[in-house]
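See below for the structure under consideration.
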Amino acid sequence: MKKSDITKEKILRAAETAFGERGLYGARVDEIAALAGVNKRMIYAHFGSKEELYVAVLDEVYSRIADQEQQILSDDADPAALMRKIIEGNFEFLCHNPTFVKMVLWENLNGGEYLKRSVAKTKKGASFLKLREILERGMKEGVFRDDIDMDEVILSSQMFVYSYFSNTHTMSYIMDRDFLGEESVKKRCRHITEMILGHILKTGVNG
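Structure representation (structure tokens):
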């Protein structure tokens, strides 16, 4: 890897930390430069502005989860097994990538303004298209009910997972339970997986 690529990668990692903690408007370029161990001028040389660096971080975090989804969905397993794998995979990803959750929260507060300039829609759109193909195959093969709303199933498979991690601190306090504990995450993952599969599987079909 070239020195310039290494520097760019260091800046991206530092910016992801800073933007995740304080958002676009709270994070400072000086802080990002210090975290990356580079001169502030290097940030502008590589990214042009703080806003473009923020978009680059959005690209990075969305690409990371979408690439994992594509890897899971490229498997030739049966449709029910793939739906199980994608839910479990997203639970595992968000458990080990808390900055993704924070970046999505911040960008929602921004009204999605900067997401429109990122590759997020293209990357996640490819995952959603593949999920539709899997659901269609499941219906055709008689594994899934033929009256399911595919868009709602896809939305549930994403949002039920994300909302768990975006509310861990508040709900952990309210329910007196460590939502980020290993057993809690596994328990919630099993519940969501069985809930979604229980809704889409035809009666008598095991998933």
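Per this note's numbering, numbering through the sequence shown is continuous, rising by one, with the last residue being 257. Positions of the beta carbon are idealized from the N, C-alpha and C atoms, including for glycine.
According to DSSP, what are the bridge partners of residue i?
i: L251; result: F194
Note down, in chain order, each residue of its chain lying with its Cβ closer than 6 Å to the Cβ of residue i, except the 5 sequence neighbours on either side.
i: C145; result: V235
i: I198; result: I250
i: A64; result: I82, L85 and A86
i: E119; result: S177
So residue i is in the alpha helix (DSSP H); what residue range does that whole segment cover?
i: L230; result: No alpha helix (DSSP H) holds L230; DSSP gives it neither H nor E.
i: D126; result: First-last for D126: undefined, no H or E at that position.
i: L159; result: P148 to L159
i: E81; result: V79 to A86
i: D201; result: M200 to S216
i: K28; result: Nothing in the structure corresponds to residue 28, since the chain is present only between 51 and 257.
Less than 8 Å between the beta carbons of residue i and residue j, yes or no?
i: K252; j: V193; result: yes
i: L85; j: A106; result: no
i: T243; j: F229; result: no
i: Y164; j: Y104; result: yes
i: K58; j: H96; result: yes
For residue i, which residues in the same chain have their Cβ closer than 7 Å to its Cβ, ignoring the five residues on either side in sequence?
i: D196; result: M189
i: A83; result: N89, K90 and I93
i: D55; result: none
What does a CB cutoff of less than 8 Å around residue i pick up in its chain, not counting 5 residues either side in sequence?
i: M153; result: E66, F69, G70, V107, L108 and V111
i: I122; result: L132, K135, I136 and G139
i: V151; result: L144, Y212, F215 and S216
i: K60; result: A86, G87 and V88
Label residue i either buried or exposed according to how many other C-beta atoms from any shown protein chain fall within 10 Å of its C-beta, with 16 as the threshold for buried.
i: N140; result: buried
i: Q208; result: buried
i: P129; result: buried
i: S168; result: buried
i: F100; result: Looking at the sequence shown, residue 100 is not Phe but Lys. So K100 counts as buried.
i: I224; result: exposed
i: A116; result: buried
i: A127; result: exposed
i: L179; result: exposed
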